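A short worksheet on the structure shown next.
Protein chains in written order, with this note's numbering: chain A, 25 to 340; chain B, 203 to 746.
The structure is reproduced here in structure tokens:
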């Protein structure tokens, strides 16, 4: 497993390299540049000022030189400074990534906590009212747009019932109780929709596994139905569930701009969106690189988890 | 003081009218008479009952912390409370004593001498003296640092001379009667020279509140500056509030919901569609205020290239006239601003001292005439592009409605909504025909006309490309004139040219509605934001 892990980490390098090159080139192709944003309207076209600022920010260099300088610094752990706030990019990311990670992990955990039992029960009690109810619920979950569900949650739990704050964020290290209050609605908005997908997937995986020969063998050996379901069927059925949850987690870690806007949640999605609008190249580059690393690492963890769930899965 | 200088001693307290006061560009002697203490020591007596923490939700966040680099150091953002300029403003936009308590101007209007407030300090305790003020001027004028908005406001200042520890003298390149309004907060924000190295992380200003922390689009905390020099009528120190916690929420309804659920005490920029109903439905639970004009909306034509341009000669002008006749201002007023705005015929609204009541819109809404003129110009088949900015709903909504009205009149026009960087690229390349845009309120008209109408301005060159020698001459003359009534006449003549030549069609004055819980007391919003208005805004606010 160690060699496999090292191999996968080595494979990450070209993936991330290509990612940074593509993003770098893509940003150069966008109309408008950061100097336009920095200069503003008045005295906007003073060539001297433009030239000064271009030099100040190293934008007067050819693209490959700019890229080389940037990647060289990254290897030394320096993401540079935001061209807009002029604060270290690492600080900018450090302020937004924890909020995103917090929301994504709790959201996805909530999703698994709902989806796995619901999908399993639906499969075990297939074609019964319980199964139908689970299927209809998950279908509704898939059909309802996330932002609409979020708005409805705010209306009900914040505006009418007054139980929870409608928007904002608090770090769990600042005030854990309050932070949970701020988290519940965004996490629910994230979790319920993901749970809808995962419930259906868990159900169908369970049904697939239930029809396999090893299940009959286990039953013929006299194992209890509970043991057959939870020790054998569910364990094997979890592989696709883990796969999709891993992808969902990676997706959420990439930021959810709409939900972040509705809940005024200061996450990475909004930070990168604003950086793109302002053409804040170092922040965009670093943000996407960090997200790329997160996605690759999550995928690696998911692959390693396969092995934990089913030792017969070959890691090669 | 040199022989050719006039000491400005006229204040509102001297019995002269505001107009006369403005005519002498607001001399600011007699600070004590204004209820503004001359020294920091006098302002330490706190009101026994007024204080509290204000939770304020703004639409936008600041883009950075260094006040010289960021003009998005918003007027309403709590960070704006940490800084101030040479002068304050009152609710009627008259300059009032700030860091400068007295000034003189030479007869040729090229030399201004400022007496600085004794005992005033930055938040780190360092004195606001001639050296630190000169340092601020120099830093703002450094093109590598000063934002163009800030820098352009003092571009006439050639050199700042230190006369003594509490006196500076500004030597200008050109005669200017408009330096004083240009030195109020927004555009000019002063900071401690000691904070230069760390200004992007922890700015040290001179405003009524001190910086504590900032997390972008999350939370801003500022706390009361106990050494602020301003007092109320009873001599109690201002500001009253102990702390402001800012929590920007971009979406209008997210802010409104936060107000209704009690998560914040004050919000700004209520959506126009919400504002009307909110006042009726929740007027008993919340207070609302309308600021009549925080900006002016207009449709700017591209006169540099394309069908509306000078290169198209008389046909270009005829097409602009056709477009002007196609625009139904009442429809925009109702549909975009829910009837809350005021239709514009010039840059300044009725609420401004620079309002020009005699101004007339030359080309009123008349779709038949629009069609006739368009046909006559032969511009029906010209492919046109109307652009607008995505960040402000009223801009692209006005763009959408204008697009529909122009299409109705027979124009072959498309509508594109873009972020600022893309728009700027299009302006440079001339890839637009009309731009639905707006400009923020300027306390002095020169900041509008010299930046957006005069042909030599880089912004005019970038945007409309308007070039009218007569208008240029009038703008230059107005800038070198002190008397307000005379300046107003000159600017009115410019506006008449604008309304005739149509480099732009003024559409509406952009209103702003704020709302607050009823336990916010003493608050009064202002044109230029709630922090830089003397004895008003958030300086006099407190929580009951």
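Glycine included, C-beta positions come from ideal geometry on N, C-alpha and C.
Since the model is a prediction, treat every value here as computed from it, not as a measurement.
Exercise. Mind checking which residues open and close the beta strand (DSSP E) that includes residue 617 of chain B?
Key: Here residue 617 of chain B corresponds to residue number 415 of the second chain, with the count starting at 1. From DSSP, the beta strand (DSSP E) with residue 617 of chain B extends over 614 to 620.
Quiz item: Would you say residue 411 of chain B and residue 427 of chain B are within 7 angstroms of each other, going by their C-beta atoms?
Solution: Here residue 411 of chain B refers to the residue found at position 209 of the second chain. Here residue 427 of chain B refers to the residue found at position 225 of the second chain. Yes, they are a contact pair.
Quiz item: Name the chain B residues whose beta carbon is nearer than 7 angstroms to that of residue 294 of chain A?
Solution: Translated into positions along the first chain, residue 294 of chain A becomes position 270. The contacting residues are 419.
Quiz prompt | Range of the contiguous alpha helix (DSSP H) that encloses residue 159 of chain A | solution = Walking along the first chain from the start, residue 159 of chain A turns up at place 135. Note, residue 159 of chain A: alpha helix (DSSP H), 153 to 167.
Quiz item: Are there 16 or more other CB atoms within 10 angstroms of the CB of residue 570 of chain B, so buried, or fewer, so exposed?
Solution: By one-based count along the second chain, residue 570 of chain B stands at place 368. Exposed.
Self-check item: Reference residue 455 of chain B; option with closest CA among B/439, B/443, B/474
Solution: Counting from one through the second chain, the residue named residue 455 of chain B turns up at place 253. Out of B/439, B/443, B/474, B/474 has the C-alpha closest to the C-alpha of residue 455 of chain B.
Quiz item: Is the region 635 to 653 of chain B close to the region 595 to 607 of chain B, with three or more CB pairs under 8 angstroms?
Solution: yes
Quiz item: Using the beta-carbon of each residue, which ones in chain A are nearer than 9 angstroms to residue 715 of chain B?
Solution: As a first step, residue 715 of chain B must be located in the second chain, where it is residue number 513. Within 9 angstroms Cβ-Cβ: nothing; residue 715 of chain B doesn't reach chain A, min ~20 angstroms.
Practice problem: Tell whether a beta-carbon distance below 7 angstroms holds between residue 616 of chain B and residue 55 of chain A. | Solution: Position 414 of the second chain, counted from the first residue, corresponds to residue 616 of chain B. Position 31 of the first chain, counted from the first residue, corresponds to residue 55 of chain A. No, the pair does not count as a contact, with Cβ atoms beyond the cut-off.
Exercise. For the region 379 to 387 of chain B and the region 666 to 678 of chain B, state whether three or more C-beta atom pairs, one from each stretch, are separated by less than 8 angstroms.
Key: no
Exercise. Please check if any C-beta of chain B sits within less than 7 angstroms of the C-beta of residue 226 of chain A.
Key: Position 202 of the first chain, counting from 1, holds the residue named residue 226 of chain A. Residue-level contact by beta carbon fails for residue 226 of chain A and chain B, as no gap is shorter than 7 angstroms.
Quiz item: Name the residues in the region 715 to 745 of chain B whose C-beta lies less than 8 angstroms from a C-beta of chain A; which are they?
Solution: none
Quiz prompt | Where residue 688 of chain B sits in the DSSP three-state scheme | solution = Numbered from its first residue, the second chain carries residue 688 of chain B at position 486. Looking at residue 688 of chain B - three-state DSSP - the assignment turns out to be helix.
Practice problem: Give the DSSP bridge partners of residue 83 of chain A, in chain order. | Solution: As a first step, residue 83 of chain A must be located in the first chain, where it is residue number 59. Paired residues: none, contrary to the question.
Practice problem: Measure the C-alpha to C-alpha separation of residue 94 of chain A and residue 403 of chain B and round it to an integer number of angstroms. | Solution: By one-based count along the first chain, residue 94 of chain A stands at place 70. By one-based count along the second chain, residue 403 of chain B stands at place 201. If you take the alpha carbons of residue 94 of chain A and residue 403 of chain B, they lie about 23 angstroms apart.
Practice problem: Please go through the region 566 to 633 of chain B and give each complete alpha helix (DSSP H) segment of 4 or more residues, from N-terminal end onward. | Solution: 569 to 579, 595 to 610, 622 to 631
Quiz item: Does the region 489 to 506 of chain B come within contact of the region 688 to 706 of chain B, defined as at least 3 CB pairs closer than 8 angstroms?
Solution: yes
Quiz prompt | Spatially closest choice to residue 740 of chain B from B/667, B/545, B/693, B/448, by CA coordinates | solution = For the purposes of this step, residue 740 of chain B is taken as the residue at position 538 of the second chain. The shortest C-alpha separation from residue 740 of chain B is found at B/448.
Self-check item: Proximity winner among B/610, B/395, B/296, B/416, relative to residue 408 of chain B (alpha-carbon distances)
Solution: On the second chain, position 206 is the one that residue 408 of chain B refers to. For the set B/610, B/395, B/296, B/416, the Cα lying nearest the Cα of residue 408 of chain B is the one of B/395.
Quiz prompt | Partners in chain A for residue 456 of chain B, counting only beta-carbon separations shorter than 9 angstroms | solution = Residue numbering aside, residue 456 of chain B sits at position 254 when the second chain is read from its first letter. In chain order: 178, 190, 191, 285, 286, 287, 288.
Quiz prompt | Sheet register partners of residue 641 of chain B (DSSP bridge) | solution = Taking the second chain and counting its residues from 1, one reaches residue 641 of chain B at position 439. In the DSSP assignment, residue 641 of chain B is bridged to B/498.
Quiz prompt | Check whether residue 599 of chain B and residue 538 of chain B have beta carbons under 7 angstroms apart | solution = Your numbering for residue 599 of chain B matches position 397 in the second chain. Your numbering for residue 538 of chain B matches position 336 in the second chain. In contact: residue 599 of chain B and residue 538 of chain B (Cβ atoms closer than 7 angstroms).
Exercise. For residue 622 of chain B, return the contacting residues in chain A, with the cut-off set at a CB-CB distance below 8 angstroms.
Key: In the second chain, counting from the first residue as 1, residue 622 of chain B sits at position 420. Residues of chain A passing the Cβ test: 56, 60, 61, 301.
Practice problem: Starting from residue 407 of chain B, follow the beta strand (DSSP E) in both directions and report where the run begins and ends. | Solution: For the purposes of this step, residue 407 of chain B is taken as the residue at position 205 of the second chain. Premise fails: residue 407 of chain B is in no beta strand (DSSP E) and is neither H nor E.
Quiz prompt | In chain order, each beta strand (DSSP E) run of at least 3 residues that lies wholly inside the region 296 to 382 of chain B | solution = 297 to 299, 302 to 308, 313 to 318, 359 to 366, 369 to 374
Practice problem: Give me the Cα-Cα distance between residue 566 of chain B and residue 644 of chain B, rounded to the nearest whole angstrom. | Solution: Indexing the second chain from 1 puts residue 566 of chain B at position 364. Indexing the second chain from 1 puts residue 644 of chain B at position 442. If you take the alpha carbons of residue 566 of chain B and residue 644 of chain B, they lie about 26 angstroms apart.
Quiz item: Just by C-beta distance, which residues in the region 259 to 281 of chain B are closer than 8 angstroms to chain A?
Solution: 265, 266, 267, 268, 271, 273
Exercise. For residue 155 of chain A, I'd like the list of residues in its chain whose CB is within less than 6 angstroms of its CB, leaving aside the five on either flank, ordered along the chain.
Key: For this step, residue 155 of chain A is matched to residue 131 along the first chain. If we look at residue 155 of chain A and ignore the five residues flanking it on each side, its Cβ neighbours are 146, 149.
Self-check item: Three-state secondary structure (DSSP) of residue 444 of chain B
Solution: Numbered from its first residue, the second chain carries residue 444 of chain B at position 242. In the structure shown, residue 444 of chain B sits in coil (DSSP, three-state: anything other than H, G, I, E or B).
Exercise. Please report how far the alpha carbon of residue 263 of chain B lies from the alpha carbon of residue 26 of chain A, in whole angstroms.
Key: Stepping through the second chain from its first residue, residue 263 of chain B is reached at position 61. Stepping through the first chain from its first residue, residue 26 of chain A is reached at position 2. For residue 263 of chain B and residue 26 of chain A, the distance between alpha carbons rounds to 46 angstroms.
Practice problem: Label residue 225 of chain B either buried or exposed according to how many other C-beta atoms from any shown protein chain fall within 10 Å of its C-beta, with 16 as the threshold for buried. | Solution: Sequence index remark: in the second chain, residue 225 of chain B carries index 23 (1-based). Residue placement at residue 225 of chain B cannot be trusted, given a pLDDT of 37 that sits under 50; what the coordinates show is reported in the next sentence. With 16 or more other Cβ atoms within 10 Å, it is buried.
Practice problem: Please name the residue in A/197, A/310, A/216, A/120 whose C-alpha comes closest to that of residue 162 of chain A. | Solution: On the first chain, residue 162 of chain A is found 138 positions in, with the first residue counted as 1. It is A/216 whose Cα lies nearest to the Cα of residue 162 of chain A.
Quiz prompt | Cutoff 7 angstroms; reference residue 228 of chain B; Cβ partners in own chain excluding five residues on either side | solution = As a first step, residue 228 of chain B must be located in the second chain, where it is residue number 26. Note that residue 228 of chain B has pLDDT 38, beneath the 50 cutoff, so the model's placement of it is unreliable and no number is given.
Practice problem: State the DSSP-derived secondary structure class of residue 78 of chain A, mapped to helix, strand or coil. | Solution: Position 54 of the first chain, counted from the first residue, corresponds to residue 78 of chain A. If DSSP states are grouped into helix, strand and coil, residue 78 of chain A belongs with the helices.
Practice problem: Could you say which of B/301, B/518, B/686, B/258 lies nearest to residue 576 of chain B if we only look at CA atoms? | Solution: The sequence position of residue 576 of chain B within the second chain is 374, counting from 1. Considering only alpha carbons, the answer is B/518.
Quiz item: Quick one: what's got a C-beta closer than 8 angstroms to residue 656 of chain B's C-beta in the same chain, skipping five residues either side?
Solution: Here residue 656 of chain B refers to the residue found at position 454 of the second chain. Correct list, in chain order: 662, 673, 674, 677, 678.
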